[in-house]
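Remarks on the structure that follows.
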Amino acid sequence: MTDDLEQLATEYHDFRQEASPTYAHMQGDYRFAGRFEDISRAAEDRDIAAARAFAGRAETLAEVGLDHQQRITRSMLAWDATARADFAEARLAEIDVDPISGWHIMLPVYLPKLGLPTSEVAEAMVDKFRGIADGFRDAGERYREGVGHGRAPARFAVDDTVRQLDAWLAMPVDDDPILALGATPHGFDRDAWLGRLRAVVERDIRPAVAAYRDLLRDEIAPAGRSDEACGLGSLPDGEETYRRAIHYYTTVDRSAQEIHDIGLAQIDKLAGEYRELGREVVGTEDLTTIFERMRSDPELHHTNGPEIVSASKTAMARAKAAMGDWFGVLPKADCDVEEVSG
1 MTDDLEQLAT
11 EYHDFRQEAS
21 PTYAHMQGDY
31 RFAGRFEDIS
41 RAAEDRDIAA
51 ARAFAGRAET
61 LAEVGLDHQQ
71 RITRSMLAWD
81 ATARADFAEA
91 RLAEIDVDPI
101 SGWHIMLPVY
111 LPKLGLPTSE
121 VAEAMVDKFR
131 GIADGFRDAG
141 ERYREGVGHG
151 RAPARFAVDD
161 TVRQLDAWLA
171 MPVDDDPILA
181 LGATPHGFDR
191 DAWLGRLRAV
201 VERDIRPAVA
211 AYRDLLRDEI
221 APAGRSDEAC
231 GLGSLPDGEE
241 TYRRAIHYYT
251 TVDRSAQEIH
261 DIGLAQIDKL
271 AGEYRELGRE
281 VVGTEDLTTI
291 FERMRSDPEL
301 HHTNGPEIVS
311 ASKTAMARAK
321 AAMGDWFGVL
331 PKADCDVEEV
341 SG
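Residue numbers for the sequence shown follow this note's numbering, so the first one is 1 and each next one is one higher.
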């Protein structure tokens, strides 16, 4: 790789890590351990401008002297930076109220997984917690912006999120799951550190979450889209938003309807697999009977979390054994299944 391309790729990687500090932390990159994702409009605009600048630098980099792999790197960087900027311009942060994988749901999942190998990284978590409070405040402002632009989240998502936030705020601070952090270094004063984090939760995060909850309930919910208009297509710029999302997540330029039709075709193909498994599991190839047994037969249902984890581990082991038949480049790090609290 030429020095120019290597430098550009390194800078772009650092840009992506800095823009997603929690994800970077989970990867073991501790440079941004004291930061949380900045979802403000100003930060989004900066990221868009930076991504377009990276794309421009990649596109103007001469291919002369680059080998095949280097040309792939150059092209991939240009595509990723452009798609990233295009997708960010859809401004989904204005409508991204998510009761399934929103930050209020994922923080208790992510935070305990963050490595704390040194006292410096552990202490940086105090600043990250302050950043979490800023994140909820910024999220509320983005929703206000969206409503002002005639774009609002789905009402059901807002209502569900408000109920979840009520439950979180009703929990004693000492039991807050975001304080269930990982192991700290030997000799580190964990109790004093947790006390500092608890203070941030009580003084900064909880008030920010309460204000966020109130805004969702009082300002955003009344403007929320109905169940009949809950899809992206119901937004004023819905078709363009769909196009940007499809291109970003799939790399292809296809319409939402084309992607939907591909999914329906795959569902039709699954009928044969259901029949094959049905003979083995429930003794019939009749799809109606198979689906009814799946829904109502207690023998086909898990009864507790450990059962689900065990079955998932078995499925994961089978997938690992087959990876080499499907992919040329395999991950170095292992992947495991663990139970998480909701």
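Think of the CB as a built atom: it goes at the ideal place given N, C-alpha and C, for glycine as much as any other residue.
How far does the alpha helix (DSSP H) with A81 in it reach, from first residue to last?
The residue given as residue 81 occupies position 81 in the sequence shown. Residues 68-88.
Within 10 angstroms of its Cβ, does M125 collect 16 or more other Cβ (buried), or is it exposed?
Residue 125 sits at position 125 when you count from the first residue of the sequence shown. It counts as buried.
Throw me the rounded Cβ distance for the V121 and A33 pair, which I believe falls under 8 Å.
Sequence index remark: in the sequence shown, residue 121 carries index 121 (1-based). Sequence index remark: in the sequence shown, residue 33 carries index 33 (1-based). That pair is a contact at about 5 Å.
Burial state of Y212 (16 or more Cβ within 10 Å):
Position 212 of the sequence shown, counted from the first residue, corresponds to residue 212. That one is buried.
Could you tell me the boundaries of the alpha helix (DSSP H) in which S310 lies?
The sequence position of residue 310 within the sequence shown is 310, counting from 1. Residues 305-326.
Looking at K113 and F36, is the spacing between their C-beta atoms short of 8 Å?
Position 36 of the sequence shown holds residue 36. Position 113 of the sequence shown holds residue 113. No, the Cβ-Cβ distance between F36 and K113 is not below 8 Å.
Could you say which of H68, L287, G146 lies nearest to V97 if we only look at CA atoms?
Reading the sequence shown from its first residue, position 97 is the one you call residue 97. Residue G146 is the option with its Cα nearest to V97.
Mind checking A322: buried by the 16 CB within 10 Å criterion, or exposed?
The sequence position of residue 322 within the sequence shown is 322, counting from 1. Under this definition A322 is an exposed residue.
Check R151 in the structure and name its three-state DSSP category.
Working through the sequence shown from its first residue, we reach residue 151 at position 151. Coil, per DSSP.
Helix, strand or coil at R203 [DSSP, three-state]:
Residue numbering aside, residue 203 sits at position 203 when the sequence shown is read from its first letter. Helix at R203.
Reference A133, options R243, D38, G65, closest by Cα
Here residue 133 is taken as the residue at index 133 of the sequence shown, counted from 1. That would be D38, whose Cα lies nearest to the Cα of A133.
Whole-angstrom C-beta distance between A154 and G224, which should lie under 8 Å:
Reading the sequence shown from its first residue, position 224 is the one you call residue 224. Reading the sequence shown from its first residue, position 154 is the one you call residue 154. That belief holds up - the Cβ atoms of G224 and A154 are roughly 6 Å apart, short of 8 Å.
V201 and V173 - do their beta-carbons sit closer together than 8 Å?
As a working note, residue 173 is residue 173 in the sequence shown. As a working note, residue 201 is residue 201 in the sequence shown. Going by C-beta atoms, V173 is nearer than 8 Å to V201.
Tell me whether L330 is buried or exposed, calling it buried when 16 or more other Cβ atoms sit within 10 Å of its Cβ.
To locate residue 330, count along the sequence shown from 1; it is residue 330. Label assigned to L330: exposed.
Cα-Cα separation between D206 and L194, rounded to whole angstroms:
Position 206 of the sequence shown, counting from 1, holds the residue named residue 206. Position 194 of the sequence shown, counting from 1, holds the residue named residue 194. According to the sequence displayed, residue 206 carries Arg and not Asp. Approximately 16 Å, taken between the alpha carbons.
When the Cα of R275 is compared with those of D14, R293, G182, D189, which residue comes out closest?
Here residue 275 refers to the residue found at position 275 of the sequence shown. The option with the nearest alpha carbon to R275 is R293.
Does DSSP put R293 in a helix, in a strand, or in coil?
Indexing the sequence shown from 1 puts residue 293 at position 293. Correct three-state label for R293: helix.
Can you tell which of I220, L5, F327 has its C-alpha closest to the C-alpha of E63?
For this step, residue 63 is matched to residue 63 along the sequence shown. If we check each option's Cα against that of E63, L5 comes out closest.
Among all the DSSP beta bridges, which residues are the ones paired with R225?
For this step, residue 225 is matched to residue 225 along the sequence shown. Note: R225 sits in a beta bridge opposite A154.
Near R244, what residues of its chain come up, given a Cβ to Cβ distance below 6 Å and the 5 sequence neighbours on each side ignored?
Taking the sequence shown and counting its residues from 1, one reaches residue 244 at position 244. Counting only Cβ-Cβ distances below 6 Å, and skipping sequence neighbours, we find D86, F87, A90.
Is A51 closer than 8 Å to R84 when the C-beta atoms are compared?
Here residue 84 is taken as the residue at index 84 of the sequence shown, counted from 1. Here residue 51 is taken as the residue at index 51 of the sequence shown, counted from 1. Cβ atoms of R84 and A51: closer than 8 Å.
Check this for me: beta carbons of P185 and P117, under 8 Å apart or not?
Residue mapping note: residue 185 aligns to position 185 of the sequence shown, counting from 1. Residue mapping note: residue 117 aligns to position 117 of the sequence shown, counting from 1. In contact: P185 and P117 (Cβ atoms closer than 8 Å).
On the criterion of 16 or more Cβ atoms from any shown chain inside 10 Å, does A180 qualify as buried, or is it exposed?
Taking the sequence shown and counting its residues from 1, one reaches residue 180 at position 180. A180 comes out exposed.
With burial defined as no fewer than 16 other Cβ atoms inside 10 Å of the residue's Cβ, what is the status of D138: buried or exposed?
What you label residue 138 is simply residue 138 of the sequence shown in a count that begins at 1. D138 is buried by the Cβ-count criterion.
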